[in-house]
Ligand SMILES: CC(C)(COP(=O)(O)OP(=O)(O)OC[C@H]1O[C@@H](n2cnc3c(N)ncnc32)[C@H](O)[C@@H]1OP(=O)(O)O)[C@@H](O)C(=O)NCCC(=O)NCCS
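In the working numbering, the protein residues as written are 1 to 211.
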């Protein structure tokens with residue numbers, strides 16, 4: 001098990017947030033003992049959401065492998081947790097920040113985000129994306145990318161609200177269950193520029209309000 005990141009302060013977790021409907025959730029990095037919780041989360045996702053993952057998350061081995069080989073410097077998974085009345089924890093959102101350690105894109109990170117169906121449209125997507133974005137800033141990432149299907153209006157609206165801009169379109173890049181191909185849009189957010197602006201203005205990132 002390799003959990004690492006010298007550059008980041010993890011003592012701030014778990015962080016408590018209130019969703020738009022008043023429900024309380026806790027946000028923290030994924031731990032090795034999250035395996036069953038994460039598996040249950042993916043199992044309850046709509047089939048159409050699962051189809052666009054790069055990995056087959058219906059396979060327990062896939063999740064086991066993630067949990068046993070956590071390496072925050074390569075992939076930082078942040079979870080939103082709901083605490084049940086009996087004390088059990090339930091995963092309601094999963095966001096990941098993917099970075100390259102070598103090569104020409106070490107300054108670029110990719111974000112992936114999934115919210116439990118019952119917890120959508122309550123502001124959780126915004127919370128998770130902000131959290132990932134803050135972590136990217138701390139890591140010194142200059143550019144955060146997100147890939148979404150061109151017809152995923154909800155995700156596109158969310159990304160735009162948080163300052164992401166369209167960078168490229170991959171034509172017919174995603175295939176649905178009927179074999180139909182869909183365009184995929186690459187969005188990006190220029191963390192470097194934002195970081196520099198805050199440094200120039202001497203603003204603490206914790207108090208920065210995204211556009
Ligand atoms: C896309 C997704 C992450 C949005 O998460 P969410 O928690 O519902 O988002 P929020 O509640 O924070 O919504 C923030 C804003 O995004 C926009 N938005 C989110 N979902 C939307 C939808 N289905 N239709 C239209 N706008 C939507 C709205 O502007 C919303 O603000 P509002 O509710 O005040 O109008 C979620 O639907 C999801 O997990 N989808 C499946 C996976 C996916 O598409 N991932 C790609 C993410 S980059």
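Every residue, glycine too, gets a C-beta built ideally from N, C-alpha and C.
Separation of residue 93 from residue 156, as counted between CA atoms: Mapped onto the chain shown, residue 156 falls at position 156. Mapped onto the chain shown, residue 93 falls at position 93. Pairing residue 156 with residue 93, the inter-Cα distance amounts to about 18 Å.
Distance between beta carbons of residue 78 and residue 29, contact taken as under 8 Å: To locate residue 29, count along the chain shown from 1; it is residue 29. To locate residue 78, count along the chain shown from 1; it is residue 78. With a Cβ gap of about 6 Å, residue 29 and residue 78 count as contacting.
Residue 54 versus 166, 191 and 173, residue with shortest Cα-Cα distance: Taking the first residue of the chain shown as position 1, residue 54 is located at position 54. Relative to the Cα of residue 54, the nearest Cα in the group 166, 191 and 173 belongs to 173.
Residue(s) in a DSSP beta bridge with residue 155: In the chain shown, residue 155 corresponds to position 155, counting from 1. In the DSSP output, where bridge partners are listed per residue, residue 155 has none listed.
Per-residue burial, residue 125 [other beta carbons within 10 Å of its own, 16 or more giving buried]: Position 125 of the chain shown, counting from 1, holds the residue named residue 125. A residue is called buried once 16 or more other Cβ atoms fall within 10 Å of its Cβ, and residue 125 is buried on that count.
Alpha-carbon spacing of residue 97 relative to residue 76, whole angstroms: Sequence index remark: in the chain shown, residue 97 carries index 97 (1-based). Sequence index remark: in the chain shown, residue 76 carries index 76 (1-based). Distance between the alpha carbons of residue 97 and residue 76: 5 Å.
Close Cβ partners of residue 136 (< 7 Å) along its chain, the five nearest in sequence each way excluded: The residue you call residue 136 lines up with position 136 of the chain shown. The beta carbon of residue 136 is closer than 7 Å to those of 97, 109, 144 and 191 in its chain, skipping five residues each way along the sequence.
Residue interval of the alpha helix (DSSP H) (run including residue 137): What you label residue 137 is simply residue 137 of the chain shown in a count that begins at 1. Counting along the chain, the alpha helix (DSSP H) containing residue 137 begins and ends at 124-138.
Per-residue burial, residue 169 [other beta carbons within 10 Å of its own, 16 or more giving buried]: Numbered from its first residue, the chain shown carries residue 169 at position 169. With a 10 Å radius around the Cβ and a threshold of 16 neighbouring Cβ atoms, residue 169 comes out exposed.
Inter-stretch contact (C-beta, 8 Å, three-pair minimum) for the region 99-117 and the region 32-51: Taking one beta carbon from each stretch, the region 99-117 and the region 32-51 have 3 or more pairs nearer than 8 Å; the two touch.
Distance, residue 95 Cα to residue 132 Cα: Residue mapping note: residue 132 aligns to position 132 of the chain shown, counting from 1. Residue mapping note: residue 95 aligns to position 95 of the chain shown, counting from 1. In a straight line, the C-alpha of residue 132 is about 7 Å away from that of residue 95.
Own chain, CB closer than 7 Å to residue 10, minus 5 neighbours either side, in chain order: As a position in the chain shown, residue 10 is number 10, starting the count at 1. Cβ within range, chain order: 29.
CB contact below 8 Å: residue 32 versus chain C: Considering every chain present, this structure includes no chain C. It has just one protein chain.
Among 13, 57, 22 and 73, nearest to residue 212 - alpha-carbon criterion: In the structure displayed, the chain extends from 1 to 211; residue 212 sits before or after that span and is not available.
Simplified DSSP assignment, three categories, for residue 208: Here residue 208 refers to the residue found at position 208 of the chain shown. Here residue 208 scores only 41 on pLDDT, less than 50, and its place in the model should not be relied on; the value that follows carries that caveat. Residue 208: coil per DSSP, three-state reduction.
Endpoints, the alpha helix (DSSP H) within which residue 36 is located: Residue mapping note: residue 36 aligns to position 36 of the chain shown, counting from 1. Start and end: 35-43.
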